[in-house]
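Remarks on the structure that follows.
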Amino acid sequence: MIAIVSLNLPFLGPFDYLVPPELADQLVRGARLLVPFGPTERVGWLLGLAEESAVKGLKPILAIVEADPLFSPEQLDFLEWTAEYYACKPAEVFEAAIPAALKPKIKRQLNLKELPEGLQEEERAYLAQAQGSDPQNLKRKAKGQPLGELIKRGLSEGWAQVDYRIEVPLEAGTPWFKWLQRPESPAKRSKMAQVVEALGELEEFSLAQLERVVAKPASLIKKAVQEGNLQRLIKPLELPLNIQRNKFLPLSPEQQICQDALKEGMGTFGAFLLKGVTGSGKTEVYLQIAADVLEAGKNVLILLPEISLTPQAIRRFTERFGQSIAVLHSQMADGQRAQEWLKIKKGRVSVVIGARSAIFAPLKNLGLIVVDEEHDHSYKQQESPAYNARDLALKLGQDHQALVVLGSATPSVESYHNAQSGKYHLLELTKRITGTDPPKLQVIDLKEARRVKGVFYLSSQLYERLVENHEAGRQAILFLNRRGYAACLSCKACEAPVLCPRCDVAMTWHQGKGQLHCHHCGERSFYPKICKLCGETKFGLEGIGTERIERDLRILFPQARFIRIDRDTVTKRGSLEAAIAQVEAGEVDFLIGTQMIAKGHDFQHVGLVAVLFADLGLNIPDFRSSERGFQLFAQVSGRAGRGEGKLGEAWLQTYNPQHEAILAAVNQDYEGFYAFEAERRATLGMPPFSRWIQLRISDANAAKAAEGAQALGEILRDYQSSLGFEMMGPEPAPITKIADRYYWHLLFSTSRPKALKQLLLRVLPDRTSYDLKSSARISLDVDPYLFL
Ligand code: ADP
Ligand code: ZN
Numbered sequence: 033m034i035a036i037v038s039l040n041l042p043f044l045g046p047f048d049y050l051v052p053p054e055l056a057d058q059l060v061r062g063a064r065l066l067v068p069f070g071p072t073e074r075v076g077w078l079l080g081l082a083e084e085s086a087v088k089g090l091k092p093i094l095a096i097v098e099a100d101p102l103f104s105p106e107q108l109d110f111l112e113w114t115a116e117y118y119a120c121k122p123a124e125v126f127e128a129a130i131p132a133a134l135k136p137k138i139k140r141q142l143n144l145k146e147l148p149e150g151l152q153e154e155e156r157a158y159l160a161q162a163q164g165s166d167p168q169n170l171k172r173k174a175k176g177q178p179l180g181e182l183i184k185r186g187l188s189e190g191w192a193q194v195d196y197r198i199e200v201p202l203e204a205g206t207p208w209f210k211w212l213q214r215p216e217s218p219a220k221r222s223k224m225a226q227v228v229e230a231l232g233e234l235e236e237f238s239l240a241q242l243e244r245v246v247a248k249p250a251s252l253i254k255k256a257v258q259e260g261n262l263q264r265l266i267k268p269l270e271l272p273l274n275i276q277r278n279k280f281l282p283l284s285p286e287q288q289i290c291q292d293a294l295k296e297g298m299g300t301f302g303a304f305l306l307k308g309v310t311g312s313g314k315t316e317v318y319l320q321i322a323a324d325v326l327e328a329g330k331n332v333l334i335l336l337p338e339i340s341l342t343p344q345a346i347r348r349f350t351e352r353f354g355q356s357i358a359v360l361h362s363q364m365a366d367g368q369r370a371q372e373w374l375k376i377k378k379g380r381v382s383v384v385i386g387a388r389s390a391i392f393a394p395l396k397n398l399g400l401i402v403v404d405e406e407h408d409h410s411y412k413q414q415e416s417p418a419y420n421a422r423d424l425a426l427k428l429g430q431d432h433q434a435l436v437v438l439g440s441a442t443p444s445v446e447s448y449h450n451a452q453s454g455k456y457h458l459l460e461l462t463k464r465i466t467g468t469d470p471p472k473l474q475v476i477d478l479k480e481a482r483r484v485k486g487v488f489y490l491s492s493q494l495y496e497r498l499v500e501n502h503e504a505g506r507q508a509i510l511f512l513n514r515r516g517y518a519a520c521l522s523c524k525a526c527e528a529p530v531l532c533p534r535c536d537v538a539m540t541w542h543q544g545k546g547q548l549h550c551h552h553c554g555e556r557s558f559y560p561k562i563c564k565l566c567g568e569t570k571f572g573l574e575g576i577g578t579e580r581i582e583r584d585l586r587i588l589f590p591q592a593r594f595i596r597i598d599r600d601t602v603t604k605r606g607s608l609e610a611a612i613a614q615v616e617a618g619e620v621d622f623l624i625g626t627q628m629i630a631k632g633h634d635f636q637h638v639g640l641v642a643v644l645f646a647d648l649g650l651n652i653p654d655f656r657s658s659e660r661g662f663q664l665f666a667q668v669s670g671r672a673g674r675g676e677g678k679l680g681e682a683w684l685q686t687y688n689p690q691h692e693a694i695l696a697a698v699n700q701d702y703e704g705f706y707a708f709e710a711e712r713r714a715t716l717g718m719p720p721f722s723r724w725i726q727l728r729i730s731d732a733n734a735a736k737a738a739e740g741a742q743a744l745g746e747i748l749r750d751y752q753s754s755l756g757f758e759m760m761g762p763e764p765a766p767i768t769k770i771a772d773r774y775y776w777h778l779l780f781s782t783s784r785p786k787a788l789k790q791l792l793l794r795v796l797p798d799r800t801s802y803d804l805k806s807s808a809r810i811s812l813d814v815d816p817y818l819f820l
């Protein structure tokens, strides 16, 4: 019997292996197997069995990792479909679908049987001490020596063999706690205060839940147990589903229409696009349809962008549904993620809330999949497997005959197109629950505006509004999508910017650190002594970043309190939440940040928001930059005047006030923007009006990358007319060099993606045909989102 095995190797396989008779009746599809591969072993995934193989000289499987596969047959179908769609190997998807902590640990032991006649004394002594050791280590140590050859001989003659012991770290007993007495008035903003606040009325909770609130809770637990506040429980987790109907809010008439439509669709597949401005009550609709689905005995999957997956967001679900919830996000510790994952696999939870990769959670019997903020680009994974969880949600919904709800204030052009063409049902919430409209976005034309002295990027008009807002005791949020102090340093004599030594981009100046940072590869360096091009020694700062804005505003508003939120100030997961809590508590007057703060958070005291330089994102060479800009501007203005019944104001500074994304955001005209954008894309043959696949090639040697890309281009060009695709390139990537590698792109546009994928998968594995060196990397991206 032959096992067909997929390995996590791009473009290669599946591979055939012999099944040893003693393993034959233990092999179940989806099981992980240890197989020999070249000089080593690898863990692979069993795709299926066959009677015969076309390949001669097959090697046998070495061992079974687990007889009980991690995935159900239905899930294996879904994952294999995903691999086919994204033109990658099933094992690449399987491994993206499981938590890293479930990777097996492999132990090898040399097992010597009856030794042959005629061995020397020295050889016998060597073998005696080699018994039981890891043969890989032995081989490495004795490389090329006669004693090393001896073990090789033993393995081929059969008097030596390697035994494998495979360990999969599985769920340890999950620690679990109960309040004996909640601590009275814990110190403000202490870890304990956060715990009491975040856990709300829960009587019992798990370590995993605690870790969601505070990092490293060990010392806190110890103290609380000592002081008699907390009791450790040893009982196994019970995760009751406990639907708190009394906590549900009476729906507004608009919400009720949505809820009725969803309820009517229950029990079969249906895709719904819920378009509703921020604060219009979309989440309340998700919660209520989720309750109906759960009561009908089915399970619920909720996807949120990583950054929106806050304790507050999770609490909205635990409050309504009790403990039958698992949370998956990429910043959890490996072990904790594995625990949550196994809870799902064992069928102990009914609701899964997670970021992108939760689309692969082993949840059975799905009745509802929600993708909140469906337009968010974090649903697309950039590296292989380059899947898009939003798009996969529809396939998963079809497989399970489940409802799929995509929600957004500013739906992606793709999803709105599907709603227009009738593929999705469109549901709309047009009003905020509070009745206040989001403020109208006001535009300042930087070509004409007077500026504040010494702060060249700040118009006097915006400055005056900031003063007035501050004097009224309200908060202001200022956005700029670039961290650091200055965009670059440039030579005063020859104007050349200081480039990253490893990338062809300018490095960003970080004043606080006194360093230049490359935002692409992470390279850091100090202020340069001389210009590499002309030898001069004077440099000027160009362009601005969030760090600079904070410094300037501190000078303009010496009495005010500031906080900056970007990837420099927020390095750990908890620190973003702490920063947001400070804003919510009214402890800061100005919040300065990147797009990290654009979405989700529900700030109550904000009177003014401003985008300081709207052109930054609009100038990126990407066909979606206009869409992304529009979404950002709409989201930003939604941040002002959310609470207190007072109106807020939203401002945007730009050199290009006539840009369609800006005009549409000003007029709050989603339909207008969509119509413009859809027509442009239809005319230019861009998605969703054609399907794109990108092929990226990179090599450490610039000439090799170019030659390989051109050779591939030559081969593929010949198929254009017969397979009905159009090829753009090969051409150097917009950022040609990143981290010492040179990138080339080929972009394909087609209406027959299957034929194209087949062609690519046939041509790419044979590198000799296009003379690409083994140092080169190739990757395919189906429905790409990143063009740099
Ligand atoms: P969205 O998800 O569209 O941003 P939410 O569901 O978060 O909107 O609702 C915004 C605010 O309005 C929340 O504070 C929520 O509790 C409240 N809300 C939502 N629906 C109702 C309702 N039917 N009655 C009263 N308040 C509601
Ligand atoms: Zn770099």
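Everything in the sequence shown is counted per the numbering used here, starting at 33 for the first residue and increasing by one.
Ideal placement from N, C-alpha and C gives every residue a C-beta, glycine not left out.
| Can you tell me whether DSSP reads Trp113 as helix, strand or coil? | helix
| Distance cut-off 6 angstroms: Cys520 Cβ against heavy atoms of ligand 2 | no
| field | Buried or exposed by the 16-neighbour rule on C-beta atoms within 10 Å, applied to Ala204 | value | With a pLDDT of 45 at Ala204, under the threshold of 50, the modelled position of this residue cannot be trusted; read the value that follows with caution. Counting Cβ neighbours within 10 Å, Ala204 comes out exposed, since fewer than 16 surround it.
| Check your reading: residues with Cβ closer than 5 angstroms to ligand 2 heavy atoms | Cys532, Arg534, Cys535, Cys550, His552, Cys553, Glu555
| query | DSSP puts Gly439 in a beta bridge; with which residues? | reply | Leu306
| message | Quick check: what's the CA-CA separation for Glu83 versus Ala56? | response | 12 angstroms
| Would a C-beta distance cut-off of 7 angstroms place Gln433 and Phe280 closer than the cut-off? | no
| Identity of the residues DSSP links to Tyr49 by a beta bridge | Ala35
| task | Could you tell me if Ala617 is buried or exposed, where buried requires 16 or more neighbouring beta carbons within 10 angstroms of its beta carbon? | result | exposed
| request: Please confirm whether Gly661 and Gly670 have their CB atoms less than 7 angstroms apart. | output: no
| query | Would Leu30 pass as a contact of Leu778 if the rule is Cβ separation under 7 angstroms? | reply | In this structure the chain extends from 33 to 820, so residue 30 is not present and cannot be described.
| request: Compute the Euclidean distance between the alpha carbons of Glu527 and Ile509, then round it to the nearest angstrom. | output: 34 angstroms
| request: Return the first residue and the last residue of the beta strand (DSSP E) that Cys520 is part of. | output: 520-523
| Expected contact under 8 angstroms - CB spacing of Gly399 and Lys330 to nearest Å | 3 angstroms
| task | Please list, in chain order, all residues of the same chain as Glu582 whose beta carbon is under 7 angstroms from its beta carbon, the five residues on each side excluded. | result | Phe594, Arg596, Ile624
| message | Taking the beta carbon of Tyr517 as the centre, do at least 16 other beta carbons fall within 10 Å, making it buried, or is it exposed? | response | buried
| query | So, are the CB atoms of Arg723 and Pro785 less than 7 angstroms apart? | reply | yes
| query | Just to check, is the beta-carbon of Lys295 closer than 6 angstroms to a non-hydrogen atom of ligand 1? | reply | no
| said: For Asn278 and Glu351, what's the separation of their Cα atoms in angstroms? | reply: 11 angstroms
| query | Is Gly354 near Leu426, with beta carbons less than 7 angstroms apart? | reply | no
| task | Use the C-beta contact count for Leu151: other C-beta atoms within 10 angstroms, 16 or more gives buried, fewer gives exposed. | result | exposed
| query | With respect to the beta strand (DSSP E) encompassing Asp647, which residues constitute its N-terminal and C-terminal limits? | reply | From DSSP, Asp647 is part of no beta strand (DSSP E) but of the alpha helix (DSSP H) over 647-650.
| query | Looking only at C-alpha atoms, which of Asn699, Ala697, Ala710, Arg799 sits nearest to Ala741? | reply | Arg799
| message | Using the three-state DSSP reduction, which class does Asp166 fall into: helix, strand or coil? | response | coil
| Where Lys314 falls, given that 16 or more other Cβ within 10 Å makes a residue buried | buried
| task | Return the chain-ordered ranges of every beta strand (DSSP E) run that is complete within the stretch 527-558 and spans a minimum of 3 residues. | result | 540-542, 547-549, 556-558
| message | Give me, in chain order, the residues of the same chain whose beta-carbon lies closer than 8 angstroms to that of Asn261; leave out the 5 immediate sequence neighbours on both sides. | response | Trp211, Leu212, Gln213, Arg214, Pro215
| query | Could you give the distance in angstroms between the alpha-carbon of Ala808 and the alpha-carbon of Arg794? | reply | 18 angstroms
| message | Could you compute how far the alpha carbon of Leu461 sits from the alpha carbon of Leu664? | response | 19 angstroms
| field | Those runs of the beta strand (DSSP E) which lie wholly inside the stretch 199-246 and span at least 3 residues | value | 208-211, 236-238
| message | Going by the DSSP bridge assignment, what does Phe594 pair with across the sheet? | response | Phe622
| query | Is it the case that the Cβ atoms of Ala95 and Tyr158 are separated by a distance below 7 angstroms? | reply | no
| field | Spatially closest choice to Gln221 from Val200, Gly761, Glu235, Val245, by CA coordinates | value | Rather than Gln, the amino acid found at residue 221 in this sequence is Arg. For the residues Val200, Gly761, Glu235, Val245, the minimum Cα distance to Arg221 belongs to Val245.
| message | Check whether the stretch 572-581 and the stretch 535-549 are in contact - that is, three or more C-beta pairs closer than 8 angstroms. | response | yes
| Can you find a heavy atom of ligand 1 that lies under 6 angstroms from the Cβ of Thr315? | yes
| What's the gap between the Cα of Gly486 and the Cα of Glu659? | 33 angstroms
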